[in-house]
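The sequence shown runs 1 to 368 under this note's numbering.
Below is one structure, written out as structure tokens, with a few remarks after it.
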Amino acid sequence: MIASPDSAHLRTALALGRQALGTTWPNPAVGCVIVAADGRVAGRGVTGIGGRPHAEVQALTEAGDRAAGGTAYVTLEPCAHDGATPSCARLLAEAALARVVIGTHDPDPRTNGAGTALLAAAGVTVTSGLHEDEAKRLHAGHLRRVASGRPQVTLKLAASLDGRIATSTGASQWLTGQLARRHGHLLRARHDAILVGAGTATRDDPELTCRLPGLGDRSPVRVVVIGAESPLPSGRLLSTLGSSPVWLLATARRRPDTTELEAAGAEIIDVAADASGRPSLEQALRTLAARGVTSVLVEGGQTVATALLRNRLVDTLVWYSADAVVGSDGLAAVGELARTALSETRDFRTVRARRLGPDHVRFLERAT
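Rendered as structure tokens:
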């Protein structure tokens with residue numbers, strides 16, 4: 001089946017937006033394509049690094065006078081508020097476009113339908129909701145931050161067939177093969193921040209950077225949750241501070257001595273404590289959102305993964321499965337969740353799956 005021109009052009013805009021994921025926060029990674037009245041593509045744009053310039057501005061600049069009478073395809077409703085520059089909705093209207101096709105509505109209170117209304121008032125025909133599921137998936141971080149005050153959370157787990165992430169001796173490198181590990185690095189590049197617990201940061205001594213060729217500058221902010229008794233991270237995390245920042249989340253009352261870490265360049269951020277006195281993960285996520293973070297990739301370990309799942313704070317689960325059996329004496333990927341009824345266990349649904357060499361990866365989204 002041949003896709004309609006509208007469908008094809010909006011899919012191009014979605015692809016542009018996906019290329020910028022992880023680089024545009026605090027703004028969403030918007031893609032925009034402008035097609036001239038003669039049906040030829042006149043301009044393309046994607047949100048710039050750090051959120052500026054907006055995708056529509058770049059596409060309009062490239063299109064120039066050819067935008068008049070044409071159609072703009074935008075993955076997210078154009079912003080309606082004037083700031084340092086005019087709103088994107090106003091700029092699109094002033095370009096004398098005939099139509100604007102939008103992937104999904106923007107619930108940001110500063111826009112929230114006002115962008116569509118501004119365009120319509122200027123005589124521009126607006127079509128909204130084309131490929132909306134894909135647009136919502138692209139902008140999941142922005143939508144989650146606006147709706148819930150926290151980032152979109154993706155939990156990444158690599159486990160054996162029987163759900164173990166390490167043997168009884170703690171050996172875990174490497175359960176999965178090279179293709180799966182490279183795929184994990186691509187996930188890092190597409191998220192604003194990566195979060196681990198202090199145990200993982202000290203036991204595994206990870207860099208938590210993206211080390212794919214050509215994506216070395218796409219490493220996310222590295223976030224470590226530390227408690228009063230936690231071992232403090234050192235090693236690779238601190239030796240690579242030049243590649244991306246390190247934020248340590250701790251409670252003000254039960255913070256370990258972090259003088260050396262701060263001197264090395266790590267930033268300590270106070271968060272509220274939970275009932276046990278440890279940093280509250282829900283409050284930690286809200287703190288990250290307040291700093292502009294829209295998406296977080298969680299790479300463990302078991303303690304953090306279990307706490308997030310128990311509190312239903314995971315939006316997407318990426319599960320890498322290796323063709324290996326470790327046994328019940330190995331470390332389980334997930335600890336006790338205190339769920340007694342099967343009806344309480346259907347949190348996720350598989351949206352896609354693929355093979356990566358000898359391993360499998362499944363993408364699951366929250367179903368409830």
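No residue lacks a Cβ here, since even glycine has one placed at the ideal position from N, Cα and C.
Small disclaimer: the values here were computed from a predicted structure and weren't measured.
| Query | Result |
| --- | --- |
| Can you name the start and end residues of the beta strand (DSSP E) that H360 belongs to? | D359 to R366 |
| Give every residue of the same chain whose Cβ lies closer than 6 Å to the Cβ of A333, excluding the five residues on either side of it in the sequence, and list them in chain order. | L157, A159, G163 and I165 |
| What does DSSP give as the partner residue(s) for W174 in the beta ladder? | W174 pairs with nothing; no bridge assigned. |
| Whose C-beta lies closer than 6 Å to the C-beta of S243 among residues of the same chain, with five residues either side of it excluded? | T209 and S219 |
| Identify, in the order they occur along the chain, each residue of the same chain with its Cβ nearer than 6 Å to the Cβ of T371, setting aside the five sequence neighbours on each side. | Residue 371 lies beyond the stretch modelled for the chain, which goes from 1 to 368, so this question has no answer here. |
| Whole angstroms is fine: what's the gap from A114's alpha carbon to L337's? | 43 Å |
| Go to D369, then tell me how far its alpha helix (DSSP H) extends in each direction, as first and last residue. | No information on residue 369 is available, as it lies outside the stretch 1 to 368 that the chain covers here. |
| Do H191 and L309 have their CB atoms nearer than 9 Å? | no |
| Which residue's Cα is closest to the Cα of E132: P86, V124, L215 and D106? | D106 |
| Closest to A20 by CA distance: which of T287, D257, D315 and H139 is it? | H139 |
| Give the list of continuous beta strand (DSSP E) stretches no shorter than 3 residues that lie fully inside the stretch 305-356. | 316-321 and 348-356 |
| Tell me, please, whether the stretch 149-156 touches the stretch 119-127 by the rule of three or more beta-carbon pairs shorter than 8 Å. | no |
| Helix or strand or just coil, what does DSSP make of G45? | strand |
| Could you check which residue in I49, L364 and V293 has the C-alpha nearest to that of T24? | I49 |
| Using 10 angstroms around the beta-carbon of Q58, count the other beta-carbons present and answer buried if the total reaches 16, otherwise exposed. | buried |
| Would you mind stating whether L76 and A67 have Cβ atoms separated by less than 9 Å? | no |
| Please report the distance separating the alpha-carbon of T306 from that of G335. | 6 Å |
| Which ranges does the alpha helix (DSSP H) cover as unbroken runs of at least 4 residues, wholly within the stretch 127-204, from first to last along the chain? | 132-138, 140-148, 178-189 and 198-203 |
| So, for C79: in the same chain, excluding its five sequence neighbours on each side, which residues have a beta-carbon less than 8 Å away from its beta-carbon? | H54, S87, C88, A89, D106, D108, R110, T111 and G115 |
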